[in-house]
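Following numbering that gives the first Met the number 0, the numbering of the sequence shown begins with 0 at its first residue and continues without gaps.
Below: the structure, in structure tokens.
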Amino acid sequence: MKHFFRAGALASALNVMRAAVQGESQLQSMPNNTAIMISFAACVALELSTPADGNRADLALSVQNLMTETADVLERIGLNPPHRNGVSALFARQLRHIA
């Protein structure tokens, strides 16, 4: 049963990140709670997809790419207009740091 919950949680987290990447244009005016939700999904995916030995270098390439794309989206949204330093940009920097 634990395996099914882990697999379901990972699939849901990856789906949230994919939706964020694909719907970037619709997220330009996103509220901070949406940025938090996307960042939380990225952290869940990172935790659940990290091997038992804790070596994040062994993450699947597709998960690594999705993490990078999600961080890029969050940063672009958080820095638009250029003088803005929004919450999503801060989350993107932290996501890059932990991934």
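No residue lacks a Cβ here, since even glycine has one placed at the ideal position from N, Cα and C.
Please read all numbers here as calculations on a predicted model, not as lab measurements.
Collapsed DSSP secondary structure at residue i in the structure displayed
{"i": "Q27", "result": "coil"}
{"i": "N84", "result": "coil"}
{"i": "G22", "result": "coil"}
{"i": "M36", "result": "helix"}
{"i": "M66", "result": "helix"}
Neighbourhood of residue i by C-beta distance below 8 Å, restricted to the same chain and skipping five residues each side
{"i": "L108", "result": "In the structure as shown, the chain starts at 0 and stops at 98, and residue 108 therefore has no counterpart that could be examined."}
{"i": "M29", "result": "I76, S87"}
Distance CB(residue i)-CB(residue j) smaller than 8 Å
{"i": "A59", "j": "L13", "result": "no"}
{"i": "L94", "j": "A34", "result": "no"}
{"i": "T69", "j": "A19", "result": "yes"}
{"i": "A40", "j": "V62", "result": "no"}
{"i": "L65", "j": "R17", "result": "yes"}
Buried versus exposed, by CB contacts within 10 Å (16 or more), residue i
{"i": "E46", "result": "exposed"}
{"i": "I37", "result": "buried"}
{"i": "F3", "result": "exposed"}
{"i": "S48", "result": "buried"}
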